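Below: the structure, in C-alpha cells.
Protein chains: 2
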Amino acid sequence: MSRNDILRAAAQIFQEKGYHAASMQDIAEAVELKKGSLYHHVTSKQEILLALLDEALDLIIERLQAVEAKDLSPNLKLRQTMQAYLSFLAENRSLSSVLILEHKSLKPEFIDLHIPRRDRIEQIWREIIEEGISCGEFQSREPALTAKALLGVLNWAITWYREDGALSPDEIADHFADLFIQGLLIR
Amino acid sequence: MSRNDILRAAAQIFQEKGYHAASMQDIAEAVELKKGSLYHHVTSKQEILLALLDEALDLIIERLQAVEAKDLSPNLKLRQTMQAYLSFLAENRSLSSVLILEHKSLKPEFIDLHIPRRDRIEQIWREIIEEGISCGEFQSREPALTAKALLGVLNWAITWYREDGALSPDEIADHFADLFIQGLLIR
DNA sequence: CTTAAACTACCAAACGGTTGGTAGGGAGGT
DNA sequence: ACCTCCCTACCAACCGTTTGGTAGTTTAAG
C-alpha cells in the first residue's frame, strides 16, 4: 500500500460522492486499510484534496503547453489543444472531476496556493485565441470571454462523457473545434 | 418565518458550501431559528434539495419555452434563448447553482423524479438547433453534441460570472451567440 | 534489532433527525 | 368579559451515528 494508491482511491471516491460526502472511512475501505492507518501515509483529508488538485494541474498544464509550443496554424493549434484537453479528461476521469468540480472544497488557507496555477490554464486558452487573432485568422472582440466559453464546453463534458458512448474523445473534440471555428451558420 | 424563507436560505448556503458541507444548523442560523424548528416546516434536508431543484427546473423550462414558442428565425431564436437562459442564471444565482452543481447530491430514490425533467432542457436546445438545420440556416452533423456544447458554455458561466463584472448577462450571451453562430474564423 | 506499516481502540465534535413541551394568538361559545 | 380549545411556531434536549483525527501496540520484513 502506497500513498499513491490512497490518492488514486480518494480521487475516485471524491468523484463519485463529492469531497464532503466522502469519508476517510470510505477511502480506507477502498484500499483495504483501517481508517486510522490512512494517517500513516497522509496527514489530513484536506491534504489529499490538495495533492490531487496539484497533480491534476501539473499533468494538464504540461499537456497543454506541449501543444502550445508546436509551430501550428491557429486553427490547428486550437483543434489539437482541445483534443489534448479532452483526451486528458477521458483518460483521467476521476482526477479531472476533482480538479473541475471539487476545488471549491479547499479550505481558504489552501486556496491561494491553488487558484493562481489554475488561472494559468485559462491564460493558455486566451493566448491561443489571441495568437489566432493577431495572425488575422480569428476574430473575437473578447478573447477572455471566448476562452471561458472553450473551458465551459470542455469542462462540462466531464459531467456527461461516458466511455461507452458513440464518440471518442477525439471525435468529440473535433466536433467542438468545428463548432468554435466555423460556427453553426452555413457559408 | 415561512417555508419559502427556509428554501431561499438553504439555496444560498448550498451554493456557498455545497449540499453536503451545509448543515441543517447552518440553515437554521440563517433564518434565525433553532435546528429542530426547521422540521416544523420541512421534513428532511433531502426534501429541501428536491424542492429547490424542482423549483429551478420549473422556472427555467418556463422561460425557455416562452422563447421557443415565438416565431423567430433560427438565428434569433438561438440568440434570445441563450439570453433568457443566462439572464435567469444571473437573476437566480443560488437557485441555479444548486440546479447545475448540486443535483448529484440527490439520493437515488429521488433521482428518477428529477432526471427526466432535467433532460427536457437539453431537448429544448436540441430542438432549436435541429429547427435551424431543417430551415437550411444551420449546419451540424451532431445536433445532440452541439446542444451539450451550448449547455456547457452557459452552465459553466455560473462558476465565474460576477454581478460586478464588466459585461451584463445579455452582453455575455450575445458574445456566446456570435461565437456559436459565426465561429471564430474570419469570413 | 530496527523500522515501516499496519492494527486496535479511542476521542471530542458534529451530524441529521426526533421528541416533548410551551408561548401566544385566534375562534367560538356562554 | 371570560373561559376553553386548538393551532401555529418555536425551542431545548437528546438520540444514535459518523466524522476527522490521535495514541499506543503489534506485525513482518530486512
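Residue numbers (my numbering), protein chains in the order written: chain A, 1 to 187; chain B, 188 to 374.
Even for Gly, the Cβ is constructed at its ideal location relative to N, Cα and C.
As the structure is a prediction and not an experimental result, all values here were calculated from the model.
Assigned exposure category for A66(A) - 16 Cβ within 10 Å defines buried: Locating residue 66(A) in the first sequence gives position 66, where the first residue counts as 1. The residue is exposed, with fewer than 16 neighbouring Cβ atoms inside 10 Å.
Proximity of D170(A) and Q83(A) at Cβ, strictly below 9 Å: The residue labelled residue 170(A) in the question sits at position 170 within the first sequence. The residue labelled residue 83(A) in the question sits at position 83 within the first sequence. Between D170(A) and Q83(A), the CB-CB gap stays under 9 Å.
T333(B) at chain A interface by Cβ criterion, 9 Å: Taking the first residue of the second sequence as 1, we reach residue 333(B) at position 146. Chain A contact via Cβ: present.
Contact check, L371(B) vs F176(A), beta carbons under 9 Å: Translated into positions along the second sequence, residue 371(B) becomes position 184. Translated into positions along the first sequence, residue 176(A) becomes position 176. Taking C-beta atoms as the reference points, L371(B) and F176(A) fail to come closer than 9 Å.
Endpoints, alpha helix (DSSP H) assigned at Y226(B): The sequence position of residue 226(B) within the second sequence is 39, counting from 1. Unbroken run through Y226(B): none, as it is neither H nor E.
Within-9 Å CB hit, S96(A) to chain B: Here the question's residue 96(A) lines up with position 96 in the first sequence. Taking a beta-carbon distance threshold of 9 Å, S96(A) does not count as an interface residue toward chain B.
Residue from E137(A), I129(A) and I60(A) with nearest C-alpha to P143(A): As a working mapping, residue 143(A) is identified with position 143 in the first sequence. P143(A) has its Cα closest to that of I129(A), out of E137(A), I129(A) and I60(A).
Residue interval of the alpha helix (DSSP H) (run including D178(A)): By 1-based counting over the first sequence, the position of residue 178(A) is 178. Residue range P169 to Q182 is occupied by the alpha helix (DSSP H) that includes D178(A).
Pair within 9 Å by beta-carbon distance, W125(A) and A147(A): If you number the first sequence from 1, residue 125(A) lands on position 125. If you number the first sequence from 1, residue 147(A) lands on position 147. Yes, the Cβ-Cβ distance between W125(A) and A147(A) is below 9 Å.
Contact set between the segment 316-331 of chain B and chain A, restricted to residues whose Cβ is under 8 Å from the partner: I316, G319, G323, E324, F325, Q326, S327, R328 and E329
Inter-residue Cα distance where the pair is L101(A) and Q80(A): Translated into the one-based positions of the first sequence, residue 101(A) becomes position 101. Translated into the one-based positions of the first sequence, residue 80(A) becomes position 80. Their backbone Cα atoms lie some 24 Å apart in a straight line.
From S2(A), A28(A), I186(A) and E55(A), residue whose alpha carbon lies closest to that of G323(B): Counting from one through the second sequence, the residue named residue 323(B) turns up at place 136. Checked all of S2(A), A28(A), I186(A) and E55(A); the closest Cα to G323(B) is I186(A).
Any chain B beta carbon closer than 9 Å to R87(A): As a working mapping, residue 87(A) is identified with position 87 in the first sequence. Before going further, note that residue 87(A) is Ser rather than Arg in the sequence given. No, no contact with chain B.
Given 8 Å, three or more beta-carbon pairs between the segment 342-355 of chain B and the segment 148-161 of chain A: yes
The segment 21-35 of chain A touching the segment 211-225 of chain B, judged by at least three CB pairs closer than 8 Å: no
Min CB distance A149(A) to chain B below 9 Å: Counted from its first residue, the first sequence places residue 149(A) at position 149. Closer than 9 Å to some Cβ of chain B, the Cβ of A149(A) qualifies, so yes.
Outcome for G205(B) when other beta-carbon atoms lying within 10 angstroms are tallied against a minimum of 16: Translated into the one-based positions of the second sequence, residue 205(B) becomes position 18. Per the 10 Å Cβ criterion, buried.
Pair within 9 Å by beta-carbon distance, G319(B) and P261(B): By one-based count along the second sequence, residue 319(B) stands at place 132. By one-based count along the second sequence, residue 261(B) stands at place 74. Result yes, Cβ atoms of G319(B) and P261(B) sit closer than 9 Å.
A157(A): contacting residues in chain B (beta-carbon distance under 8 Å): As a position in the first sequence, residue 157(A) is number 157, starting the count at 1. Here the neighbours are K335 and G339.
Members of the segment 219-237 of chain B that neighbour chain A once the beta carbon cut-off is set at 8 Å: none
The segment 112-120 of chain A touching the segment 195-215 of chain B, judged by at least three CB pairs closer than 8 Å: As far as the Cβ criterion goes, the segment 112-120 of chain A does not touch the segment 195-215 of chain B, which means the pair count is below three.
Neighbour flag for A208(B) against chain A, beta carbons, 9 Å: Here residue 208(B) refers to the residue found at position 21 when the second sequence is read from its first residue. A208(B) counts as touching chain A.
Top-ranked residue by Cα proximity to D5(A), from I48(A), F138(A) and A22(A): Position 5 of the first sequence holds residue 5(A). Ranking the options by Cα distance to D5(A), first place goes to I48(A).
Near-chain B residues of the segment 98-110 of chain A - C-beta to any C-beta below 8 Å: L101, K104 and S105
Span separating the alpha-carbon of R118(A) from that of L50(A): Mapped onto the first sequence, residue 118(A) falls at position 118. Mapped onto the first sequence, residue 50(A) falls at position 50. The alpha-carbon atoms of R118(A) and L50(A) are separated by roughly 12 Å.
Minimum Cβ-Cβ distance from H362(B) to chain A less than 9 Å: Position 175 of the second sequence, counted from the start, is the residue given in the question as residue 362(B). Yes - at least one Cβ of chain A is within 9 Å of the one on H362(B).
Nearest-angstrom Cβ-Cβ length linking L150(A) and L99(A), presumed shorter than 8 Å: Translated into positions along the first sequence, residue 150(A) becomes position 150. Translated into positions along the first sequence, residue 99(A) becomes position 99. Incorrect: roughly 16 Å between the Cβ atoms, too far for contact.
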